[in-house]
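Numbering (our numbering), first residue to last: 340 to 544.
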C-alpha cells in the first residue's frame, strides 16, 4: 500500500559532521565552556519563568506570546550550540557564539512559531502525555536530564577516546549522538509548550 511523504516535525535540530577535530582539545572544553555555563544558568531560570507565564497565556488566549517564544527558542539554541561544542557531542572545535539569535555555526536549532495552541493540551502535555518520552530519555541521558548521564555520555566519552587515539570522530557514533540530542530537544520544545504536535519516536530528522 502506498503511503504519502512524512511531514517534517516543526522542531529542527541539526549538526554538521566535523572532518577535522583536535585530538586533545576536548579534554579542556569543560574549562573553556565555563563562561557559557554561567550565562546559561541564568538564562534557564528566565526560560522557566517565561514558560510559566506562557502557560497561563496559552490557557486563556490560545497563543504563546511571540517575544517570549523567540527568547526561549534562543535559550534552547544557545544550549544546543554549547552542548555540540562540549559534552553533549564534542562535535566541533569552533567556539560557540554568545547569542540567542541564529548564527553561522555548525549546530543549528529552529522551532516554528505556532499561530494557535490548544488550551486543553497545555494542561497535560508537559507531564502526562510526555511520560513515554521521559522514560526513553531517562535511558538515553540518565536521571538528570539533558547532558547529565546515561547512554549519551558513554557515547561521547567513546568519541573523545577515539579522537585522542585516531584523530577522527566515528561517523556512526556522531549520528547516534546527534539523534539523541535531536530527540531530547524536540521533547523539550513540546513540554515547554511551544508546539502541540507530539514528538516522533525517532532519532532521524
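Just so you know, even glycine gets a beta-carbon here, dropped at the ideal spot from N, CA and C.
Neighbour-count burial assignment, residue i, 16 or more Cβ in a 10 Å radius
i: residue 473; result: exposed
i: residue 354; result: buried
i: residue 421; result: buried
CA-to-CA distance, residue j to residue i, given in whole angstroms
i: residue 468; j: residue 388; result: 22 Å
i: residue 523; j: residue 430; result: 17 Å
i: residue 352; j: residue 537; result: 16 Å
i: residue 436; j: residue 428; result: 17 Å
i: residue 459; j: residue 465; result: 12 Å
i: residue 471; j: residue 439; result: 30 Å
Anticipated Cβ contact below 8 Å, residue i with residue j, distance rounded
i: residue 543; j: residue 518; result: 7 Å
i: residue 479; j: residue 489; result: 5 Å
i: residue 418; j: residue 366; result: Their Cβ separation, rounded to whole angstroms, is 22 Å, which puts residue 418 and residue 366 out of contact at 8 Å.
Proximal residues to residue i (C-beta, below 7 Å), its chain only, five neighbours per side dropped
i: residue 484; result: Unreliable positioning characterises residue 484 in this predicted model, as indicated by a pLDDT of 46, which lies under 50. The coordinate reading is nonetheless provided below. Cβ within range, chain order: n/a, list empty.
i: residue 451; result: 349
i: residue 386; result: 411, 414
Residues near residue i in its chain [Cβ-Cβ closer than 6 Å; skip 5 each side]
i: residue 521; result: 352
i: residue 498; result: 429, 508, 512
i: residue 455; result: 401
i: residue 416; result: 448
Using 8 Å as the Cβ pair cut-off and three pairs as the minimum, do the region 393–406 and the region 521–534 touch?
The region 393–406 makes contact with the region 521–534, as at least three CB pairs between them are under 8 Å.
Quick check: the region 417–432 against the region 357–366, are at least 3 beta-carbon pairs closer than 8 Å?
Touching, per the Cβ criterion.
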